Structures are given as C-alpha cells and as structure tokens.
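Report on the following structure.
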Amino acid sequence: MAIRVAVIGAGPGGYVAAIRAAQLGAEVTVVERDNVGGTCLNWGCIPSKVMIATAEMLEKCHRALEFGLKLEGKVTPDMQRLMARKAKVIQDQSKGILDLFSHHKIRYLRGEGAVDKSGLAVVRPEHGEAVEIPWDKLILAPGTQPFAFPAFPFDGEQILSSNDALCLQEVPASIMVLGGGVIGCEFAFLLSALGSRVTVVEALDRPLPLPSIDEACSRVIEREMKKRKIKFLLRRTAERVERNGGKLRVTLGPSPLLPDLMAGEPLEVEVDKLLVSIGRRPNTGGMGLDKLGVNLDARGWIEVDERMETNVHDVYAIGDVLGPSKIMLAHVASVEGRVAAENAVGSGAVMDYRVVPGAIFTMPEVANVGLSEAQAGERGFIIRADTVLFRTMGKPQVMGEIAGEAKIVSDAETGRILGVHLVGPHATDLIAEGALAVKLGATVKDLAETIHAHPTLPEVMMEVSYKALGRSLCG
Ligand code: FAD
73 MAIRVAVIGA
83 GPGGYVAAIR
93 AAQLGAEVTV
103 VERDNVGGTC
113 LNWGCIPSKV
123 MIATAEMLEK
133 CHRALEFGLK
143 LEGKVTPDMQ
153 RLMARKAKVI
163 QDQSKGILDL
173 FSHHKIRYLR
183 GEGAVDKSGL
193 AVVRPEHGEA
203 VEIPWDKLIL
213 APGTQPFAFP
223 AFPFDGEQIL
233 SSNDALCLQE
243 VPASIMVLGG
253 GVIGCEFAFL
263 LSALGSRVTV
273 VEALDRPLPL
283 PSIDEACSRV
293 IEREMKKRKI
303 KFLLRRTAER
313 VERNGGKLRV
323 TLGPSPLLPD
333 LMAGEPLEVE
343 VDKLLVSIGR
353 RPNTGGMGLD
363 KLGVNLDARG
373 WIEVDERMET
383 NVHDVYAIGD
393 VLGPSKIMLA
403 HVASVEGRVA
413 AENAVGSGAV
423 MDYRVVPGAI
433 FTMPEVANVG
443 LSEAQAGERG
453 FIIRADTVLF
463 RTMGKPQVMG
473 EIAGEAKIVS
483 DAETGRILGV
493 HLVGPHATDL
503 IAEGALAVKL
513 GATVKDLAET
523 IHAHPTLPEV
533 MMEVSYKALG
543 RSLCG
C-alpha cells in the first residue's frame with residue numbers, strides 16, 4: 073500500500089513537498105486554508121514583484137527623453153489597473169499549481185488543518201463538515217504572518233502590514249516604513265518610484281542589516297535612497313503613533329538594539345501611512361502541535377534536524393515556520409520541501425544551506441551567495457575581496473543603469489570563490505552564475521577564463537575574476 077502523506081500548507085514549501093511525495097509514489101493530501109501558493113504567491117514574492125515591475129516601467133518613462141523618446145502627456149500610476157494585473161498574475165500561477173495537483177493525483181482540501189492525534193489530521197472547511205485525514209507521514213508547512221507592533225496594531229487603512237501595502241488602491245502622498253530589512257527596503261524603493269514621499273526607520277546602523285549582506289551593498293543602497301530623496305533614519309525606533317486628523321504623527325526614539333549609539337533627540341514625523349515591516353511570526357497556533365509533542369524553540373519556531381524531521385518520528389516541518397536561523401526564502405522552503413518528501417517516502421536526503429542565493433528587489437537590486445568578507449574571515453579563511461563598478465562596463469552604460477558594484481570573495485591561496493555580492497542592474501539574475509561557481513567550488517581563474525558574451529551584464533563577473541588574478545582589463 074502507498075505511504076499516506078499529509079501536507080499542511082500549500083506555499084512554496086508545502087506544494088513542492090506534495091508534488092515530490094506524489095512523484096515518489098505516495099498517496100498525498102494537501103490542506104490549505106487560503107489560496108494555494110502561500111505567502112510567496114499571494115502576499116510576497118510575486119505580488120511585490122508585479123508592483124516593482126510597474127514602478128520600474130514608470131521610472132523608465134520618466135527618463136524617456138534621455139533615451140531619445142518624446143512621451144506626450146504625463147505618465148502616472150493607475151493603481152486599480154495595477155491591482156487587476158497583480159490579481160491576474162496570481163490567478164494564473166495558482167491555476168498552474170492546482171493543475172499540477174491534479175496531474176500528480178494529489179488530493180487538495182481547502183480549510184483549516186490541525187493535528188488531532190498521531191496518525192490523524194482534521195480539516196475544517198469554512199462551510200460544511202470536518203474531514204479526517206489519516207497519515208503515515210505528516211509535513212508541516214504553515215508559514216508565517218506579519219508581526220505587528222503591540223502598541224500600534226495594523227488597521228489596514230493607515231497602519232499597514234506588507235499584505236495591506238500590496239493592496240493599496242492609491243499611492244499615499246507620504247509613508248513611513250518601519251524596518252529597513254529586505255521587505256522594508258523593497259517597499260521603500262517601490263513606493264518612492266510610484267510617487268510617495270518615503271521615510272525608512274531602521275533600528276540597526278545600516279539598510280539591509282543582515283550578516284549575509286555585504287556592508288558595501290548596504291552603502292550603495294543608502295546612497296541610492298538619498299538620490300531618490302528617500303529619508304533613511306538609522307538607530308531609531310517608533311515609540312508612539314498618534315492620529316491627527318487624517319495623518320499619523322509618529323514619535324521616534326533611540327533604538328533599544330544599539331543602546332550605546334545615540335540617535336539624538338526624539339523626533340516627530342507626520343505621515344499619511346505607516347508600513348510596519350519588522351518581521352514575521354510563525355503560523356503554529358491552533359494546529360494541535362502540542363498533541364504530538366512537536367518541539368518549538370523559545371520564539372515559537374519549529375525545530376528540525378537536517379532531514380527536516382521534527383523531534384516526533386514521521387513528522388516533518390519545512391519553510392518559513394522554521395524561522396530565521398534557517399533562511400526564510402521561497403526557494404529555500406521548496407528545497408526543504410523536496411528533502412522532507414524524499415525522507416518521508418524514502419530516506420537519505422539532507423538539507424544543505426551553504427549555497428543559497430539571496431535576491432533583493434531594490435533599485436538597484438542586491439544579491440548575494442556564499443560567505444561575506446566578514447563571515448569568511450570568522451571561518452578562518454585568508455581571503456581576498458575584489459570589486460568592479462558596474463559603471464566601468466559596456467552593458468550598464470547602454471541600459472543607463474550604472475549604479476552599483478560586483479564583489480567576489482575568494483580564498484587568497486587557491487582562488488576558490490567563497491562568496492559573490494552584487495548590487496546593480498539585474499543583480500538578482502546575475503547571482504545564478506555566482507551560485508553555480510560557489511556550488512561547484514570554481515576558482516576565479518575558472519570564471520575569468522569562461523568566455524562571456526559581449527555586451528552583457530555577466531561580463532562583470534568575468535571582470536572581477538580577472539581583477540582577482542591581477543589581470544584586470546578595465547583598470
Ligand atoms: P507560506 O508561503 O507562508 O505558506 C504557508 C501556507 O500555509 C499559507 O498559504 C497558509 O495559508 C497555510 N496555512 C497556515 N496554517 C494553516 C493551517 N492550519 N491549515 C491550512 N493551511 C494553513 N522570498 C523569496 O525567495 N523571494 C522574494 O522576492 C520574496 N519576497 C517577499 C516579499 C514579501 C512582501 C514577503 C512577505 C515575503 C517575501 N518572500 C520572498 C518570502 C517568501 O514569501 C517565503 O519565504 C515563502 O512564502 C515561505 O514559504 P512557506 O511554504 O514556508 O510558507
């Protein structure tokens with residue numbers, strides 16, 4: 073008899089796990105309380121990038137004359153049409169997932185899933201009777217939801233979560249983005265390009281303050297924000313929010329995370345809207361995990377081993393619900409889903425987090441893979457780091473997108489590429505070459521001696537590699 077696998081949550085973790093388990097011959101049931109595709113398709117990667125595509129096109133229109141084009145009249149965002157396009161992209165993608173479910177004979181149930189006891193899950197649909205799902209293996213993939221500031225919870229109108237910001241019906245005249253991490257910075261550039269006056273408030277001392285992100289990339293992003301008149305307030309946090317007519321008055325104080333660094337006097341900023349993007353919390357409530365005895369860490373994230381199995385035999389967990397100590401990205405959730413499915417139905421798959429490309433859709437984009445200079449140093453490598461500016465290359469000049477730089481961190485002795493850090497045009501596409509290089513243990517010589525087509529953006533990777541060999545062509 074086929075192994076019965078139940079998957080709770082149909083985001084990029086859950087639906088990939090379900091398909092992989094079905095490919096391996098399991099009898100699979102997927103439970104989802106919302107639309108298939110999860111945060112990624114409905115509230116994250118896809119809708120945000122649809123909006124960014126519009127913002128980028130608008131910016132290009134504003135530069136039309138520079139490119140030898142006369143645009144008659146004013147080009148302005150039409151949020152209703154933008155939202156309609158976003159809905160269409162989501163709908164097409166979700167149909168694709170549902171088609172895959174039926175192709176792989178996966179049973180799909182819409183409703184709230186919970187564990188009843190070992191070997192049994194229950195789905196409560198919005199209408200109708202609860203359905204019991206017996207399972208031999210269970211894969212938990214419930215994801216996360218936006219974290220609110222308890223002192224000023226989301227109201228969907230003025231105090232927004234990222235979900236709310238993806239449904240804006242008009243461009244706010246002014247907005248404060250609380251949190252200068254990945255989501256906050258993407259929204260800051262996007263909203264500024266659409267026409268908002270944007271202020272970003274970050275508790276730490278740089279935009280994108282993640283250990284994996286090279287400080288030089290943060291510096292370029294800060295500089296590009298300045299060029300666009302996005303105000304960036306570091307080492308501060310919001311202490312109070314008062315409603316004042318149709319406006320919000322936000323009082324900012326020093327950051328509790330950097331108590332030694334003074335941020336000056338409390339500051340009051342008046343804005344139309346506040347977008348809170350300070351993190352996410354796990355969707356584990358009400359799932360009955362306590363009935364199985366699944367271990368959570370002190371902050372409520374599910375704990376797993378390298379096979380994605382929890383402390384409870386035959387119960388696996390994947391994706392964002394594992395928290396930031398694993399990497400909270402859609403493509404990571406999908407690989408974890410594959411690993412969990414392969415172990416649930418067979419054995420021997422292990423999750424490897426060493427080569428995970430990160431892609432940030434700011435303007436310009438930021439992308440990274442492997443170790444940063446600091447991380448490589450901490451691990452005892454004797455390294456060299458080489459940088460080339462995009463402005464020195466042909467294709468960025470052709471495109472009129474010259475801001476940014478490419479850096480390769482390599483082992484000084486062997487030339488092995490340890491990390492690649494990009495900030496610049498199409499960085500999120502270019503990082504694929506870096507990921508392959510790190511994964512295959514390639515050296516800067518391998519990359520330099522790989523012929524790259526001209527004029528293209530990837531030439532920058534070849535050029536940095538030549539620089540690391542001391543044979544730079546562009547100086
Ligand atoms: P989710 O996608 O959150 O899916 C979990 C699913 O489980 C949800 O559909 C939920 O409804 C369902 N669920 C929860 N509890 C239950 C229950 N009890 N019963 C039934 N169903 C349940 N990542 C990238 O890699 N690239 C990006 O560009 C990117 N951009 C982002 C932009 C934004 C604004 C946000 C918020 C996130 C972004 N992410 C991005 C992160 C990405 O969305 C997540 O890493 C990814 O969605 C995690 O996948 P998951 O399957 O673990 O969880």
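Anchor point for the sequence shown: position 30 equals 102 in our numbering, and the numbering is continuous, going up by one each time. Ideal Cβ positions, reconstructed from N, Cα and C, are used throughout, including at glycine. All values derive from a computational prediction rather than experimental measurement.
*For the alpha helix (DSSP H) holding residue 404, just list the boundary residues, first then last.*
402 to 417
*Taking the alpha-carbon positions, what's the residue 140 to residue 402 distance?*
39 Å
*Supposed contact pair residue 216 and residue 393 - C-beta distance, whole angstroms, cut 8 Å*: 7 Å
*asked:* Whole angstroms are fine: how far does the CA of residue 213 sit from the CA of residue 177?
replied: 20 Å
*Over what stretch of residues does the alpha helix (DSSP H) that includes residue 500 continue unbroken?*
499 to 512
*Using DSSP with H/G/I as helix, E/B as strand and the rest coil, what is residue 96?*
coil
*Beta carbon of residue 419 nearer than 9 Å to that of residue 85*: no
*Rounded separation between residue 353 and residue 318 - CA only*: 30 Å
_Where residue 360 sits in the DSSP three-state scheme_ = coil
*Assuming residue 271 contacts residue 298 under a Cβ cut-off of 8 Å, what Cβ separation, rounded to an integer in Å, is found between them?*
With 8 Å as the limit, residue 271 and residue 298 do not qualify as a contact, their Cβ atoms being about 13 Å apart.
*CA nearest to the CA of residue 184, picked from 102, 350, 520*: 102
_Beta-carbon contacts of residue 472 that lie in its chain and below 8 Å, excluding the five residues immediately before and after_ = 135, 138, 139
*With distances taken Cα to Cα, identify the nearest neighbour of residue 225 among 345, 465, 479, 206.*
345
*If you count every other CB in all the chains shown that lies within 10 Å of the CB of residue 348, and 16 or more means buried, which is it?*
buried
_Residue range of the beta strand (DSSP E) that includes residue 538_ = Note, residue 538: premise wrong, no beta strand (DSSP E); alpha helix (DSSP H) at 531 to 540.
*Hey, would you say residue 327 sits closer than 9 Å to residue 308, going by beta carbons?*
yes
_Whether or not the stretch 74 to 84 and the stretch 101 to 121 are in contact is what I'm after, with contact meaning three or more pairs of Cβ atoms, one per stretch, closer than 8 Å; do they touch?_
yes
*Looking at residue 106 and the ligand FAD, is the gap between the Cβ and the nearest heavy atom below 8 Å?*
yes
*Over what stretch of residues does the beta strand (DSSP E) that includes residue 181 continue unbroken?*
179 to 182
_Terminal residues of the beta strand (DSSP E) in which residue 319 lies_ = 319 to 326
_Can you look up residue 427 in the DSSP assignment and give me helix, strand or coil?_
coil
*Below 8 Å, can you find three or more Cβ-Cβ pairs linking the stretch 486 to 499 to the stretch 420 to 437?*
yes
*With a threshold of 8 Å, establish whether the CB of residue 184 neighbours any heavy atom of the ligand FAD.*
yes
*Nonlocal neighbours in the same chain, by C-beta distance under 6 Å from residue 35, ignoring five residues either side*: The requested residue 35 is not part of the displayed model; the chain covers only 73 to 547.
*When DSSP labels each residue in this structure, what does residue 255 get in the three-state scheme?*
helix
_Residue closest to residue 76, alpha-carbon to alpha-carbon, out of 98, 87, 90_ = 98
*Any non-hydrogen atom of the ligand FAD within 8 Å of residue 352 CB*: yes
*Cβ of residue 214 versus every heavy atom of the ligand FAD: is any distance shorter than 8 Å?*
yes
*Going by the beta-carbon positions, is the gap between residue 282 and residue 253 smaller than 9 Å?*
yes
_Any alpha helix (DSSP H) of 4 or more consecutive residues that is wholly inside the stretch 149 to 196_ = 151 to 175
*Identify every run of the alpha helix (DSSP H) within the stretch 94 to 139, keeping only runs that are complete inside it and at least 4 residues long; order them along the chain.*
110 to 115, 117 to 134
*Distance, Cα to Cα, residue 167 vs residue 119?*
16 Å
_When you measure from the CB of residue 423 to every non-hydrogen atom of the ligand FAD, does any distance come out below 8 Å?_
no
*For the stretch 509 to 528 against the stretch 480 to 491, are there 3 or more C-beta pairs whose distance is under 8 Å?*
yes
*Tell me whether residue 329 is buried or exposed, calling it buried when 16 or more other Cβ atoms sit within 10 Å of its Cβ.*
exposed
*How big is the Cα-Cα spacing for residue 447 and residue 417?*
36 Å
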